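Read the structure below first, then the notes.
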């Protein structure tokens with residue numbers, strides 16, 4: 001895995017191709033939109049999805065924790081797909097999650113899907129969390145500086161000789177970093193969509209997730225790109 005360094009509010013962060021962010025100076029790992037128990041949520045409503053999304057997502061989280069060995073884990077909201085998702089964890093998945101969270105400081109940033117703290121899990125639950133000059137929240141706020149957020153599940157298309165390749169991505173500029181969704185059952189919103197474009201009116205840089213590395217390119221003014229695609 002080859003991580004890409006970026007600087008935000010004077011802090012050096014590392015974008016990992018697996019879709020999470022490391023802040024080595026603070027021994028911190030940030031990840032967004034796990035959407036644990038999304039499969040069971042839909043199964044209860046008659047849409048029978050394979051019930052393995054939580055296990056797959058937790059296994060990926062375990063790899064990230066072993067790679068970076070953080071002392072803090074910041075989960076940027078929608079960690080569970082709904083407010084009662086934590087109560088539907090299978091015994092095996094619950095045990096795995098507790099093992100992963102053992103011995104580290106855990107910050108649960110609350111999201112729109114999980115507006116209440118998870119029951120029976122370690123850590124603190126907050127609407128947003130700050131450290132040094134950075135702020136961690138679920139939904140980006142226009143005009144913010146030094147902000148890391150999730151919520152939008154950004155994806156982008158990169159032109160290649162064989163045609164466009166669409167992948168989840170990070171989006172960054174000098175003021176903010178938007179993280180991709182980490183969960184196994186998460187879709188994506190194109191970065192040219194107005195909901196994302198308005199956050200980057202002067203453009204920025206997209207970092208597409210690849211196998212072992214990131215593929216980055218400048219976006220140009222996303223507001224203009226959104227208008228061109230409308």
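Numbering (full-length UniProt numbering), first residue to last: 1 to 230.
Cβ coordinates follow ideal geometry from the N, Cα and C atoms, glycine included.
None of the values given here were measured: they were computed from a predicted structure.
Inset, instruction - Scan the stretch 170-198 and note each continuous beta strand (DSSP E) run of 3 residues or more that stays entirely inside, going in chain order. - result: 176-178
Inset, instruction - Return helix, strand or coil for residue 37, following the three-state DSSP convention. - result: Here residue 37 sits in coil by DSSP.
Legend entry - In chain order, each alpha helix (DSSP H) run of at least 4 residues that lies wholly inside the UniProt domain "Calcineurin-like phosphoesterase" (27-140): With a minimum length of 4 residues, the continuous alpha helix (DSSP H) runs that stay inside the UniProt domain "Calcineurin-like phosphoesterase" (27-140) are 38-43, 53-68, 91-101.
Legend entry - Local conformation of residue 5 per DSSP, three classes: strand
Legend entry - Residues that DSSP places opposite residue 156 in a beta bridge: 167
Inset, instruction - Check each candidate in 102, 84, 26, 91 and name the one with the smallest Cα separation from residue 132. - result: 26
Legend entry - Residue range of the beta strand (DSSP E) that includes residue 216: 214-218
Legend entry - Under the three-state DSSP convention, the category residue 206 falls into: Note: residue 206 maps to strand in three-state DSSP.
Inset, instruction - Identify every residue that forms a DSSP beta bridge with residue 12. - result: 7
Inset, instruction - Alpha carbon to alpha carbon, how far is residue 65 from residue 89? Give it in angstroms, no decimals. - result: 20 Å
Legend entry - Selection from 167, 144, 86, 76 that minimises the alpha carbon distance to residue 37: 86
Inset, instruction - Count the other CB atoms, across all protein chains shown, that sit within 10 Å of the CB of residue 184; report buried if there are 16 or more and exposed otherwise. - result: buried
Legend entry - Local conformation of residue 22 per DSSP, three classes: strand
Inset, instruction - Please determine, among 3, 7, 118, the residue with the shortest C-alpha to C-alpha distance to residue 175. - result: 7
Inset, instruction - May I have the straight-line CA-CA distance separating residue 3 from residue 191, to the nearest angstrom? - result: 21 Å
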